[in-house]
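Here the structure comes first, spelled out in structure tokens, and everything after it is commentary.
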Amino acid sequence: MNTTKQVYIASNGCNRRLLDADRVKRYFLLNDWKITDSPRNADFNLFFASALNRVRIDESFDIIERLSRFPGETIVLGCIMEVAPTEFHEKWNGKFLAVKDMNKFDSFFPGIRIKYRDVSPGNTPAKPGNIYKTVSPDVFIRQRLSLALNPAKVGDKLYSYLHRNQREDYNTTFIWVSNGCPNKCSFCAERKVIGDLHSRPVTEIVKEYGKMLDEGRRNFEFIGDDVGSYGLDINSSFPDLIEALNRRDAGHSVNWVIKHLHPKFIIKYQDDIINIARSGKVKEIICCFQTGSNRLLDLMNRQHSIEEVIITLKRFREALPEIKLATNIIVGFPTETDEEFLQTLAVFDEVYFDRVHLIKYYDAEGSDSHEIHPKISDESIARRIKSAKKFLKQRDIYFQTRD
Ligand code: SF4
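Under our numbering, think of the first position of the sequence shown as 2, with each following residue one higher.
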């Protein structure tokens with residue numbers, strides 16, 4: 002009788018969670034377990050559940066419930082347990098583990114030889130796929146049909162397809178530089194689940210970078226929960242890191258994406274970033290300014306003004322005409338007025354962005370902004386998102402929505 006255990010691993014989360022899913026997969030393979038692509042024959046179903054917004058949270062709870070119908074034991078991983086704690090504990094009484102506690106992962110599998118902490122962080126995220134395709138094909142088909150029958154969504158898809166060269170490049174090698182975040186953005190519940198800042202030593206990151214270069218990799222993203230905070234816990238800094246990486250790749254033609262960097266650090270380190278970017282290796286910077294209103298930036302606890310963002314990004318555009326700039330904006334943060342929303346749109350007439358994520362504000366229970374009132378109605382948010390799409394289409398700016 003074959004006693005090798007089989008594990009099904011899935012995630013509907015971001016690249017950081019997909020990288021975690023990849024690490025978990027390698028953990029089981031190193032321990033001679035099997036990975037299966039279906040929960041039907043799995044002994045364990047491991048699900049990294051996204052808690053990015055209301056749509057994703059609903060999807061996560063639905064997938065958790067569907068997974069729990071299969072014979073194997075389901076274990077929920079990721080962020081959802083701290084972002085929506087009350088709902089999570091109402092809906093799930095099985096095993097779970099938050100991102101910041103992943104070093105306790107072995108406790109679910111007594112007798113396992115190789116420990117989670119001894120498995121190196123990976124460079125390639127697990128493939129997300131559509132979980133419903135495997136878990137509930139009927140839901141997958143219904144989703145496709147409802148998309149095909151919704152003219153507004155078809156229009157957005159078509160616009161997205163026509164601007165496909167402005168999309169993110171997914172052929173990227175990821176290198177973890179730090180975990181955790183010391184910032185306190187009020188809309189962010191995730192920081193409570195990712196824990197305190199832990200930066201890897203510069204030497205260790207540079208060594209891994211050199212190995213990837215030797216393997217022929219050329220497209221890189223240095224990833225962390227806030228890459229701008231890199232080094233603050235080890236007497237180092239983001240400029241120290243990029244200078245060391247820049248020295249290591251001398252003679253190679255490489256592409257970098259600078260992302261997950263709080264705008265206050267893009268402002269603070271602008272000279273260092275521009276100096277290195279003049280080499281041509283920095284292809285894209287993602288500066289999530291979130292809102293064009295200084296009053297809302299204060300409420301979000303972002304610690305910079307919109308004028309500082311605009312001045313900094315104009316400098317980037319002047320010094321580096323080829324660089325791609327991308328951003329996220331939050332629509333419907335508590336107390337946001339129509340005028341303040343128009344201030345956000347006005348930023349796009351000051352600085353050209355190649356790509357924008359329109360994010361419908363999600364009132365996460367675990368966030369500080371959960372306490373800020375009044376909330377903006379779903380109708381007002383939908384109206385603002387609709388007008389933002391029209392505004393961006395008129396300017397030929399590629400956008401994605403997460404609602
Ligand atoms: S920098 Fe990012 S991870 Fe950190 S608190 Fe702000 S939004 Fe959250």
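The C-beta atom is built at its ideal place from N, Cα and C for all residues, glycine as well. Bear in mind the structure is a predicted one, so any value in this text is a computation, not a measurement.
For residue i and residue j, what's the separation of their Cα atoms in angstroms?
| i | j | result |
| --- | --- | --- |
| D23 | G79 | 13 Å |
| A190 | A365 | 7 Å |
| K315 | D350 | 11 Å |
| Y415 | K26 | In the structure displayed, the chain extends from 2 to 404; residue 415 sits before or after that span and is not available. |
| T125 | N16 | 9 Å |
| D63 | H374 | 29 Å |
| R18 | V120 | 16 Å |
| I386 | K361 | 8 Å |
| S108 | E372 | 36 Å |
| V8 | L343 | 49 Å |
| T173 | F239 | 20 Å |
| K6 | F71 | 15 Å |
| G73 | I115 | 22 Å |
| D157 | Q291 | 21 Å |
| T345 | R303 | 15 Å |
| D59 | K265 | 32 Å |
| E66 | Y210 | 40 Å |
| K96 | S388 | 43 Å |
| A347 | G293 | 7 Å |
| F48 | S12 | 6 Å |
| F354 | S147 | 31 Å |
| F141 | N131 | 8 Å |
| D197 | P183 | 6 Å |
| E341 | F110 | 51 Å |
| Y399 | V155 | 15 Å |
Cβ of residue i within 8 Å of Cβ of residue j?
| i | j | result |
| --- | --- | --- |
| D241 | G232 | yes |
| L321 | A278 | yes |
| G217 | I195 | no |
| I307 | L300 | no |
| F188 | I331 | yes |
| K92 | G367 | no |
| I275 | L326 | no |
| N329 | H305 | no |
Who are residue i's beta bridge partners in DSSP?
| i | result |
| --- | --- |
| Q291 | I330 |
| H253 | Answer is none; H253 lacks a bridge partner. |
| W177 | I224 |
| Y9 | N46 |
| Q401 | H358 |
| L325 | The sequence shown places Lys at residue 325, not Leu. E285, per the DSSP bridge assignment. |
Does residue i have its Cβ less than 8 Å from a Cβ in chain B?
| i | result |
| --- | --- |
| R114 | The structure shown contains no chain B; it is built from a single protein chain. |
From the DSSP output, in three-state form, read off residue i for me.
| i | result |
| --- | --- |
| F110 | coil |
| A50 | strand |
| F71 | coil |
| K96 | strand |
| F349 | helix |
| H358 | strand |
| K376 | coil |
| E285 | strand |
| G79 | strand |
| S388 | helix |
| V120 | coil |
| H261 | coil |
| D35 | For the sequence presented, residue 35 should be read as Lys rather than Asp. Reduced to three states, the DSSP call for K35 is strand. |
| H305 | coil |
| H199 | strand |
| Y363 | coil |
| P129 | coil |
| H164 | coil |
| K185 | coil |
Applying the 10 Å Cβ sphere with the 16-neighbour rule, what's the burial state of residue i?
| i | result |
| --- | --- |
| Y28 | buried |
| V77 | buried |
| D21 | buried |
| E323 | exposed |
| G229 | buried |
| S254 | exposed |
| V203 | buried |
| R201 | buried |
| R356 | buried |
| N104 | exposed |
| L150 | exposed |
| K260 | buried |
| R145 | exposed |
| Y363 | buried |
| Y162 | exposed |
| S370 | buried |
| N42 | exposed |
| S179 | buried |
| G222 | Strictly speaking, residue 222 in this sequence is Glu, with Gly absent from that position. Buried, since its Cβ has 16 or more Cβ neighbours within 10 Å. |
| R57 | buried |
| L159 | exposed |
Contact set, the ligand NAP heavy atom to C-beta under 5 Å
As far as ligands go, the structure on display features the ligand SF4 and does not contain the ligand NAP.
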